[in-house]
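Engineer: Before we start, here is the structure in question, set down as C-alpha cells.
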Amino acid sequence: MSRHAKASFLVIVCLAACNTASAQVAVRGKTIHTMAGTPIQDGIVVIQDGKITALGRADQIAVPKGFKTLEANVVTPGLIDAHTTVGFSGILNYKHDQDQLEHSSPLQPELRAIDAYNAGDDLIEWVRGFGVTTIHAGHAPGELISGQTLIAKTTGNTVADAVIVESKAVAATLTTAAQKEAGKSPGTRGKSMAMLREQLIKAREYQEKKRRAAEAGDKGEPPPRDLRLETLSRVLAHEQPLLITVDRARDIASALRLAKEFDIHIWLDGACESYLLVDDIKAAGVPVIIHPPMQRSFGERENLSYATASKLVAAGIPVALQSGYESYVPKTRVVLFEAALAAANGLTFDQALRTITIDAAKILGIDNRVGSLELGKDGDLALYDGDPFEYTTHCVGCIIEGRVVADTPR
Amino acid sequence: MRTAGICSLVWLFAISIAAAQDRPKAFVGARIIPIEGDEIETGTLVIEKGKIVAVGPADKVQIPDDAEKIDAAGKVIMPGLICTHSHIGGSGTLGGADGSGPIQPGVRIYDSINVHDSGFKRAVAGGLTTLNIMPGSGHLISGQTVYVKLRLHPKPKKIDDFFITDDGGTALGGLKMANGTNSMRDPPFPGTRGKSAYLVREQYIKAREYHDKIARAQGDPAKVPPRDLNLEALVEAMQGKRIVHHHTHRHDDIMTVLRLSQEFGFRVVLHHVSDGWKVADDIAKAKAPCSVIVIDSPGGKLEARYARFETGGILEKHGVLVAFHTDDWITDSRVFRRSAALAVRAGMSRAGALKALTLAGAQMIGLDHRIGSLAPGKDADFAVLLGDPLSVYCQTLETWVDGVRVFDRGDPQDYLYAVGGYGAGHDQSPYMCCFDDANILGGGK
Numbered sequence: 392m393s394r395h396a397k398a399s400f401l402v403i404v405c406l407a408a409c410n411t412a413s414a415q416v417a418v419r420g421k422t423i424h425t426m427a428g429t430p431i432q433d434g435i436v437v438i439q440d441g442k443i444t445a446l447g448r449a450d451q452i453a454v455p456k457g458f459k460t461l462e463a464n465v466v467t468p469g470l471i472d473a474h475t476t477v478g479f480s481g482i483l484n485y486k487h488d489q490d491q492l493e494h495s496s497p498l499q500p501e502l503r504a505i506d507a508y509n510a511g512d513d514l515i516e517w518v519r520g521f522g523v524t525t526i527h528a529g530h531a532p533g534e535l536i537s538g539q540t541l542i543a544k545t546t547g548n549t550v551a552d553a554v555i556v557e558s559k560a561v562a563a564t565l566t567t568a569a570q571k572e573a574g575k576s577p578g579t580r581g582k583s584m585a586m587l588r589e590q591l592i593k594a595r596e597y598q599e600k601k602r603r604a605a606e607a608g609d610k611g612e613p614p615p616r617d618l619r620l621e622t623l624s625r626v627l628a629h630e631q632p633l634l635i636t637v638d639r640a641r642d643i644a645s646a647l648r649l650a651k652e653f654d655i656h657i658w659l660d661g662a663c664e665s666y667l668l669v670d671d672i673k674a675a676g677v678p679v680i681i682h683p684p685m686q687r688s689f690g691e692r693e694n695l696s697y698a699t700a701s702k703l704v705a706a707g708i709p710v711a712l713q714s715g716y717e718s719y720v721p722k723t724r725v726v727l728f729e730a731a732l733a734a735a736n737g738l739t740f741d742q743a744l745r746t747i748t749i750d751a752a753k754i755l756g757i758d759n760r761v762g763s764l765e766l767g768k769d770g771d772l773a774l775y776d777g778d779p780f781e782y783t784t785h786c787v788g789c790i791i792e793g794r795v796v797a798d799t800p801r
Numbered sequence: 012m013r014t015a016g017i018c019s020l021v022w023l024f025a026i027s028i029a030a031a032q033d034r035p036k037a038f039v040g041a042r043i044i045p046i047e048g049d050e051i052e053t054g055t056l057v058i059e060k061g062k063i064v065a066v067g068p069a070d071k072v073q074i075p076d077d078a079e080k081i082d083a084a085g086k087v088i089m090p091g092l093i094c095t096h097s098h099i100g101g102s103g104t105l106g107g108a109d110g111s112g113p114i115q116p117g118v119r120i121y122d123s124i125n126v127h128d129s130g131f132k133r134a135v136a137g138g139l140t141t142l143n144i145m146p147g148s149g150h151l152i153s154g155q156t157v158y159v160k161l162r163l164h165p166k167p168k169k170i171d172d173f174f175i176t177d178d179g180g181t182a183l184g185g186l187k188m189a190n191g192t193n194s195m196r197d198p199p200f201p202g203t204r205g206k207s208a209y210l211v212r213e214q215y216i217k218a219r220e221y222h223d224k225i226a227r228a229q230g231d232p233a234k235v236p237p238r239d240l241n242l243e244a245l246v247e248a249m250q251g252k253r254i255v256h257h258h259t260h261r262h263d264d265i266m267t268v269l270r271l272s273q274e275f276g277f278r279v280v281l282h283h284v285s286d287g288w289k290v291a292d293d294i295a296k297a298k299a300p301c302s303v304i305v306i307d308s309p310g311g312k313l314e315a316r317y318a319r320f321e322t323g324g325i326l327e328k329h330g331v332l333v334a335f336h337t338d339d340w341i342t343d344s345r346v347f348r349r350s351a352a353l354a355v356r357a358g359m360s361r362a363g364a365l366k367a368l369t370l371a372g373a374q375m376i377g378l379d380h381r382i383g384s385l386a387p388g389k390d391a392d393f394a395v396l397l398g399d400p401l402s403v404y405c406q407t408l409e410t411w412v413d414g415v416r417v418f419d420r421g422d423p424q425d426y427l428y429a430v431g432g433y434g435a436g437h438d439q440s441p442y443m444c445c446f447d448d449a450n451i452l453g454g455g456k
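Respectively, the protein sequence lines represent chains A and B. Position one of the first sequence corresponds to residue 392 (this note's numbering), numbered consecutively onward. Position one of the second sequence corresponds to residue 12 (this note's numbering), numbered consecutively onward.
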C-alpha cells in the first residue's frame with residue numbers, strides 16, 4: 392500500500408467511525424411539532440442508528456449515555472419539498488450544469504432522474520441549511536413528457552447515497568411552456584392532449600401484448616423492449632403517478648379528463664388556477680402540489696394567488712407545497728419560505744407546516760419513513776430558534792438520519 | 012338660469028370634496044416608526060394638504076380642532092417604502108435602450124411606461140409609495156431612470172401623473188449603468204470587462220469635451236456644438252444633477268465602478284452588490300451607498316454566486332449607507348419588507364433595516380428632504396400596517412401618497428392585487444434581463 396493510499400484508507404475509516412458516532416443523537420426542544428398529534432412541550436427525540444427510538448416529554452425520556460444532545464426552541468420533522476429541480480438545475484445556470492430538461496423530443500418518459508442527479512450541487516446544501524431534508528426532484532416542466540422524478544435526502548455524495556425512491560413519478564406538462572413553434576408538435580393545447588392520449592393508448596397495447604405473450608408461455612412472443620412504453624405502462628398499472636404541470640383552469644380540466652379516461656393516478660403540479668376548480672379536483676380525489684406562492688405571476692401564471700393553498704386545504708384536498716423550477720435568479724426557492732407565505736395568507740400554522748411535512752409525505756407515498764416524528768421513522772429533524780415561518784427566525788440545525796448535516800444558524 | 016344653478020351645485024360639491032381633503036387628518040394611537048428618532052409606542056400622526064404637520068407621542072401631539080380623527084390603535088404606521096430599483100410598467104428589457112448599442116444615455120425610461128400595469132397596484136399593496144423605475148441592465152448605459160410617486164388615486168392616465176418634479180417642472184431621475192455579465196454580449200456590445208470599462212471611459216471623456224466646448228462658446232451660437240442627448244445626460248451625471256444607479260455584482264466589477272466614479276466625478280449608488288461583503292472596506296472608503304438585493308438563493312448566474320443574506324448587515328457594520336430594492340420582477344414589491352427582515356435574520360440591525368426600506372432609499376435618489384421619514388413638513392407618504400413590519404404575518408392595510416389613500420386592503424379590488432387571484436395579473440410585463448434561453452420565463456409563450 393502506498394503512503395497516499397494508506398492516508399486515504401485512514402480518512403475513510405475515520406469518516407465511517409465519525410458517522411456511526413454521530414448517528415447517536417438526541418434533540419431537546421421547547422416545542423416539538425411531531426405532526427402526529429399535539430405538539431410536545433419541553434420534549435426529547437432520541438435517534439439511534441438513524442431512526443427515532445424514543446420521543447416524549449423531557450421528564451419521561453432518558454437520553455442514553457454517550458448521546459450528543461442538541462437543543463432548540465422549536466423542532467419540526469425535516470422539511471419535505473414536494474417538487475423541486477435542485478440537483479438538476481445547477482447553481483451557476485450554465486448550459487452544462489442545467490440537466491433539468493432535454494429539448495430533443497416532446498416525449499421522453501424514458502429519461503431516468505437518477506442518471507442526472509448531482510448530489511453535490513451547492514443549492515442542495517443551501518436548502519438543507521433551512522431544514523429541508525427530503526426532496527422530490529427530477530426533470531422540470533417544459534416538455535409534454537419531460538422524464539421521471541426521484542425522491543432523495545438532501546445529503547450524500549452520490550445519487551446512490553441520497554436517493555430513497557429511484558423513480559417516483561412521470562412528469563408531464565400541459566402548459567404553453569411545452570408547446571413548440573415553427574410547425575413542430577405539440578403546438579397547441581388540443582395537440583398536446585392528442586399526443587398524450589396516443590402514447591397512453593400505445594402503452595396499453597404494449598401492456599396487452601406482453602400479457603398475451605406471458606399467457607402463451609413458451610410459445611408467446613413478447614414485444615421488443617421499449618423503454619418509453621415500459622415507463623408509461625407503469626403509470627397505467629398505478630405503479631407510478633403522472634405528475635401533470637398545469638397553470639390554467641382549462642388545462643387542469645384536461646388533466647382530470649385524461650386521468651378519468653385512462654384510469655391513471657395523477658398529481659396536479661403548479662395548478663395556479665386550481666381555486667377555480669376546487670369541486671372538480673376534490674371529486675376526482677387528486678392531490679395538488681401547489682406552485683410556490685412567491686412564484687412570479689405572469690403569462691400562464693398571471694392569476695396565481697397567495698391564498699390558493701388555503702382554499703384547497705379548506706376543501707379537504709390533499710395539498711403539498713413546492714419550490715418549483717426557477718430559470719434565473721433566485722435559482723431555487725426555499726419551500727420553508729413559501730409555506731410561510733401560505734401561513735400568512737389563510738393557512739393556520741399547523742396546516743402550513745403540514746404542507747411541507749406529513750401531508751407532502753403522504754402524497755409522495757413516503758410517510759412510512761418521513762414527514763412526522765414517530766417511533767421507527769427516519770431521524771430527520773429541523774431545529775429553529777423561533778417560529779420557523781418568521782422571516783427573522785434562524786434554522787439552527789438540521790439532522791438527517793441521525794447525522795447533524797447543518798448547525799450554523801441560518 | 013337652470014344651468015347656472017346646476018353649475019353652482021356642482022361647484023359647491025367640488026368645493027366640499029376639496030374641503031374634506033384639505034381637512035387635517037389625525038391618525039391616533041398607532042405605534043409609529045418615524046425612522047428618524049425612536050419608535051413611538053402610542054403615537055399620533057397629523058397630515059394636512061398632502062404634508063405631515065405633526066408626529067409624536069399621542070399625549071404630546073396637539074390635534075387641530077377641525078381634524079378628522081382616525082382611530083389607529085393596534086396598528087403600525089411607518090413611512091411609505093421606497094424602492095430604489097424597480098422595473099414595473101414594462102421598463103425592463105423592452106423599456107430603455109435597444110439592441111443597437113451598449114451606450115444610450117439619451118433614452119428616457121418614462122417614454123415607455125404603462126401606467127396601468129398592475130405591478131403598480133401590487134407595489135402600493137406592499138406599502139411602497141416611491142420608486143426609481145429603471146431600464147434594464149443589458150447595456151453599459153441603458154438610459155435615464157425616473158423617480159415616481161404611486162399616485163393611484165384618482166386613477167392615473169399617464170406616467171406624468173406619477174412624476175416627481177423639480178421647481179422648473181422637470182421630471183427627476185437618474186442614469187442607469189451596468190457592468191459585469193449582463194452587458195457583455197455579441198458586438199456591438201463589449202465581450203470583456205476591460206472593453207466594457209474602456210467604452211464607458213471613452214464616452215465620459217467625449218461628454219467632458221462636449222461640456223468644455225459649450226462653456227468655451229460662451230453662448231455664441233456659431234461655437235456651440237449641436238445638441239447631443241447622449242452626451243448631455245452624461246454631463247448631467249458629472250455635474251451631480253443625475254445620480255448614477257449602477258448595476259454591479261462581482262467584487263472586481265464593484266471596484267471598477269468606484270474607479271470610474273472617481274475618474275469622472277459622478278455620484279454613484281451601487282446596485283445589487285452581491286459581492287459587496289467582500290469589498291465592504293473599499294465601498295465604505297469611497298462613501299458609495301449600496302442598494303442591495305436580497306434573493307432566496309445564491310446563483311442563477313455567475314456573478315450572483317456569492318450573494319448572501321448577510322450583505323446588508325456587513326455593509327452596515329462598515330458604515331456604508333444601505334438600502335434594499337425589489338428589482339421587481341426579480342422580487343415582488345408586495346413582499347418588499349421581507350428583504351429587510353431577511354437581512355435582520357442575517358445580522359443587520361432592526362433600525363438599519365427599516366431605514367434601508369425608507370430614508371436610505373430617499374437619500375440615494377436625492378429626495379430625503381421630501382420623503383423617507385415621518386417628520387413635519389415632509390410629504391404625507393406612509394403605510395398603515397397590522398403587525399410588525401419585519402414579520403411574515405404583517406399585513407399592509409393602507410398606503411397613502413401625498414395625503415391621499417391609494418391602497419385599502421378592505422376594498423375587494425385592492426385586495427385582489429394584494430393577494431392575487433383571477434384578473435390580478437393582467438398588464439404585467441416580465442423582466443429578466445439578458446439571459447439567452449428561449450425558455451427563460453418558464454411560463455410559456
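Glycine included, every Cβ here is placed at the ideal spot set by N, Cα and C.
Got a sec? Which residues, its chain only, sit under 8 Å from residue 235 of chain B by beta carbon, not counting five neighbours each side?
Structural biologist: Numbered from 1 along the second sequence, position 224 holds the residue referred to as residue 235 of chain B. Excluding residues within five positions, the ones whose Cβ falls inside 8 Å are 224, 225, 228.
Engineer: Would you kindly report the start and end of the unbroken beta strand (DSSP E) that includes residue 423 of chain B?
Structural biologist: Your numbering for residue 423 of chain B matches position 412 in the second sequence. Note, residue 423 of chain B: premise wrong, no beta strand (DSSP E); alpha helix (DSSP H) at 423–430.
Engineer: Cα-Cα, which of B/56, B/308, B/180, B/112 is closest to residue 195 of chain B?
Structural biologist: The residue given as residue 195 of chain B occupies position 184 in the second sequence. The residue with the shortest Cα to Cα distance from residue 195 of chain B is B/112.
Engineer: Curious, which full-length alpha helix (DSSP H) runs of at least 4 residues does the segment 616–653 of chain A contain?
Structural biologist: The segment 616–653 of chain A contains these whole alpha helix (DSSP H) runs: 618–627, 640–653.
Engineer: Quick check on residue 251 of chain B: buried or exposed, where buried means 16 or more other Cβ atoms within 10 Å of its Cβ?
Structural biologist: Position 240 of the second sequence, counted from the first residue, corresponds to residue 251 of chain B. Answer is exposed; the Cβ neighbour count stays below 16.
Engineer: Taking C-beta to C-beta, are residue 499 of chain A and residue 558 of chain A nearer than 8 Å?
Structural biologist: Translated into the one-based positions of the first sequence, residue 499 of chain A becomes position 108. Translated into the one-based positions of the first sequence, residue 558 of chain A becomes position 167. Not closer than 8 Å, so no.
Engineer: Can you look up residue 153 of chain B in the DSSP assignment and give me helix, strand or coil?
Structural biologist: In the second sequence, the residue the question calls residue 153 of chain B occupies position 142. Residue 153 of chain B falls in the strand class under three-state DSSP.
Engineer: Mapping DSSP to helix, strand and coil, what is residue 12 of chain B?
Structural biologist: To locate residue 12 of chain B, count along the second sequence from 1; it is residue 1. In this prediction, residue 12 of chain B scores a pLDDT of 39, lower than 50, which makes its location untrustworthy; no coordinate-derived value is stated.
Engineer: Are the CB atoms of residue 385 of chain B and residue 43 of chain B nearer to each other than 8 Å?
Structural biologist: Along the second sequence, one-based indexing puts residue 385 of chain B at 374. Along the second sequence, one-based indexing puts residue 43 of chain B at 32. Yes. Within cutoff.
Engineer: Of all the CB atoms in chain A, is at least one closer than 8 Å to the CB of residue 353 of chain B?
Structural biologist: Within the second sequence, numbered from 1, the residue matching residue 353 of chain B stands at position 342. Cβ-Cβ to chain A under 8 Å: yes for residue 353 of chain B.
Engineer: With 16 as the cutoff for other CB atoms within 10 Å, does residue 425 of chain A come out buried or exposed?
Structural biologist: Position 34 of the first sequence holds residue 425 of chain A. When all chains shown are included, residue 425 of chain A counts as buried.
Engineer: So what does DSSP say about residue 412 of chain A, is it helix, strand or coil?
Structural biologist: Locating residue 412 of chain A in the first sequence gives position 21, where the first residue counts as 1. Here residue 412 of chain A scores only 44 on pLDDT, less than 50, and its place in the model is too uncertain to base an answer on.
Engineer: Going by other Cβ atoms of all chains shown within 10 Å of its Cβ, with 16 needed for buried, is residue 692 of chain A buried or exposed?
Structural biologist: Within the first sequence, the letter at position 301 stands for residue 692 of chain A. Per the 10 Å Cβ criterion, buried.
Engineer: Suppose you measure from the CA of residue 783 of chain A to the CA of residue 580 of chain A; what does that come to, to the nearest Å?
Structural biologist: Counting from one through the first sequence, the residue named residue 783 of chain A turns up at place 392. Counting from one through the first sequence, the residue named residue 580 of chain A turns up at place 189. Each residue's alpha carbon lies about 44 Å from the other.
Engineer: Should residue 487 of chain A be labelled buried (16 or more other beta-carbon atoms within 10 Å of its own) or exposed?
Structural biologist: Taking the first residue of the first sequence as 1, we reach residue 487 of chain A at position 96. Residue 487 of chain A is exposed by the Cβ-count criterion.
Engineer: Leaving aside the five residues before and after residue 584 of chain A along the sequence, list all residues of the same chain whose C-beta is less than 6 Å from its C-beta, in chain order.
Structural biologist: If you number the first sequence from 1, residue 584 of chain A lands on position 193. Answer for residue 584 of chain A: 645, listed in chain order.
Engineer: Distance, Cα to Cα, residue 728 of chain A vs residue 464 of chain A?
Structural biologist: Here residue 728 of chain A refers to the residue found at position 337 of the first sequence. Here residue 464 of chain A refers to the residue found at position 73 of the first sequence. Distance between the alpha carbons of residue 728 of chain A and residue 464 of chain A: 19 Å.
Engineer: Please name the residue, chosen from A/415, A/443, A/441, A/451, that lies closest to residue 432 of chain A on a Cα-to-Cα basis.
Structural biologist: Against the first sequence, residue 432 of chain A aligns to sequence position 41. Among A/415, A/443, A/441, A/451, the Cα nearest to that of residue 432 of chain A belongs to A/451.
Engineer: Less than 8 Å separating the beta-carbons of residue 332 of chain B and residue 297 of chain B?
Structural biologist: Taking the second sequence and counting its residues from 1, the one referred to as residue 332 of chain B is at position 321. Taking the second sequence and counting its residues from 1, the one referred to as residue 297 of chain B is at position 286. For residue 332 of chain B and residue 297 of chain B, no; Cβs fall outside 8 Å.
Engineer: Using only alpha-carbon positions, find the residue among B/248, B/312, B/320, B/231 that is nearest to residue 193 of chain B.
Structural biologist: Start at 1 with the first residue of the second sequence, and residue 193 of chain B comes out as number 182. Considering only alpha carbons, the answer is B/312.
Engineer: Output, in chain order, the set of chain B residues within a Cβ distance shorter than 8 Å of residue 658 of chain A.
Structural biologist: Stepping through the first sequence from its first residue, residue 658 of chain A is reached at position 267. Result: empty, since nearest Cβ-Cβ is about 19 Å, beyond 8 Å.
Engineer: With C-beta atoms as the reference, is residue 662 of chain A less than 8 Å away from residue 637 of chain A?
Structural biologist: As a working note, residue 662 of chain A is residue 271 in the first sequence. As a working note, residue 637 of chain A is residue 246 in the first sequence. Yes; because the gap between Cβ atoms is below 8 Å, this pair is in contact.
Engineer: Taking 8 Å as the threshold (C-beta atoms), are residue 334 of chain B and residue 299 of chain B in contact?
Structural biologist: As a working note, residue 299 of chain B is residue 288 in the second sequence. As a working note, residue 334 of chain B is residue 323 in the second sequence. No, Cβ-Cβ distance for residue 299 of chain B and residue 334 of chain B is not below 8 Å.
Engineer: What did DSSP end up calling residue 693 of chain A once you bin it into helix, strand or coil?
Structural biologist: Along the first sequence, one-based indexing puts residue 693 of chain A at 302. Coil at residue 693 of chain A, not helix or strand.
Engineer: For residue 118 of chain B, which residues in the same chain have their Cβ closer than 6 Å to its Cβ, ignoring the five residues on either side in sequence?
Structural biologist: As a first step, residue 118 of chain B is located in the second sequence; it is residue number 107 there, counting from the start. Around residue 118 of chain B: 107, 108, 154.
Engineer: Which residue wins for smallest C-alpha separation from residue 344 of chain A, given the options A/685, A/704, A/706, A/705?
Structural biologist: Shown here, chain A extends from 392 to 801; a query on residue 344 of chain A therefore has no answer.
Engineer: Listing by chain order, which chain A residues have their CB less than 8 Å from the CB of residue 315 of chain B?
Structural biologist: Residue mapping note: residue 315 of chain B aligns to position 304 of the second sequence, counting from 1. Within chain A, the residues near residue 315 of chain B are 720.
Engineer: Residue 323 of chain B and residue 364 of chain B look like a contact to me (Cβ under 8 Å); what is the Cβ gap, rounded to whole Å?
Structural biologist: Within the second sequence, residue 323 of chain B is the residue found at index 312, counting from 1. Within the second sequence, residue 364 of chain B is the residue found at index 353, counting from 1. With 8 Å as the limit, residue 323 of chain B and residue 364 of chain B qualify as a contact, their Cβ atoms being about 7 Å apart.
Engineer: Take residue 550 of chain A and list the residues in its own chain whose beta-carbon comes closer than 7 Å to its own, dropping the five residues that flank it on each side.
Structural biologist: Counting from one through the first sequence, the residue named residue 550 of chain A turns up at place 159. Contacts found: 505, 508, 510.
Engineer: If I follow the unbroken beta strand (DSSP E) through residue 775 of chain A, where does it start and stop?
Structural biologist: Start at 1 with the first residue of the first sequence, and residue 775 of chain A comes out as number 384. From DSSP, the beta strand (DSSP E) with residue 775 of chain A extends over 772–775.
Engineer: Spell out whether any CB of chain A is found under 8 Å from the CB atom of residue 307 of chain B.
Structural biologist: Locating residue 307 of chain B in the second sequence gives position 296, counting from the first residue. It does; some Cβ of chain A falls within 8 Å.
Engineer: Do you know how far the Cα of residue 553 of chain A is from the Cα of residue 406 of chain A?
Structural biologist: Working through the first sequence from its first residue, we reach residue 406 of chain A at position 15. Working through the first sequence from its first residue, we reach residue 553 of chain A at position 162. Confidence at residue 406 of chain A is low in this model, with a pLDDT of 42, below 50, so the placement of that residue should be treated as unreliable; the coordinate-derived value is given next. Using only the alpha carbons, I get a separation of about 17 Å.
Engineer: Quick check: what's the CA-CA separation for residue 389 of chain B versus residue 93 of chain B?
Structural biologist: Mapped onto the second sequence, residue 389 of chain B falls at position 378. Mapped onto the second sequence, residue 93 of chain B falls at position 82. If I take the Cα positions, the gap works out to 14 Å.
Engineer: In angstroms with no decimal places, state the Cα-to-Cα distance between residue 276 of chain B and residue 210 of chain B.
Structural biologist: Here residue 276 of chain B is taken as the residue at index 265 of the second sequence, counted from 1. Here residue 210 of chain B is taken as the residue at index 199 of the second sequence, counted from 1. Computed Cα separation, rounded: 17 Å.
Engineer: Answer yes or no: does any C-beta atom of chain A fall closer than 8 Å to that of residue 288 of chain B?
Structural biologist: Taking the first residue of the second sequence as position 1, residue 288 of chain B is located at position 277. No, its Cβ sits nowhere closer than 8 Å to a Cβ of chain A.
Engineer: Quick check on DSSP: helix, strand or coil for residue 52 of chain B?
Structural biologist: As a working note, residue 52 of chain B is residue 41 in the second sequence. The answer is strand: DSSP assigns residue 52 of chain B an E or B state.
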